[in-house]
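Residue numbers (my numbering): 269 to 355.
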């Protein structure tokens, strides 16, 4: 998973370079809707119990990947805001 995250970060680097301070602040406020968060909790419990269906596993994997993209972009936003406050 670490390599996957590193690759995503590398792919998203140009997006990070395009961020403005305002866009970075907006990006940090992004949260999944409660319905999606609840679905993720359900999938996590089923995964732990070993009861996820193949379709649920595919959906869970997609949601995790989407969450990783958002987390990486938010890390880039935090870095930009940190650097802009130092300037």
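Glycine included, C-beta positions come from ideal geometry on N, C-alpha and C.
Predicted, not measured: the structure shown is a model, and the values here were computed from it.
*Where residue 292 falls, given that 16 or more other Cβ within 10 Å makes a residue buried*: Counted from its first residue, the chain shown places residue 292 at position 24. The residue in question, residue 292, is buried, as its Cβ has 16 or more Cβ neighbours within 10 Å.
*Taking residue 278 as the reference, give the member of 350, 336, 349 with the closest Cα.*
Position 10 of the chain shown, counted from the start, is the residue given in the question as residue 278. Comparing Cα positions, the closest option is 336.
_Quick check on DSSP: helix, strand or coil for residue 299?_
Translated into positions along the chain shown, residue 299 becomes position 31. Of the three classes helix, strand and coil, the one that applies to residue 299 here is coil, per DSSP.
_Can you give me the C-alpha to C-alpha distance between residue 340 and residue 276, rounded to a whole angstrom?_
For the purposes of this step, residue 340 is taken as the residue at position 72 of the chain shown. For the purposes of this step, residue 276 is taken as the residue at position 8 of the chain shown. About 8 Å.
*Evaluate residue 334 with the Cβ neighbour count: other Cβ atoms within 10 Å of its Cβ, from every protein chain shown; 16 or more gives buried, anything less gives exposed.*
Within the chain shown, the letter at position 66 stands for residue 334. It counts as exposed.
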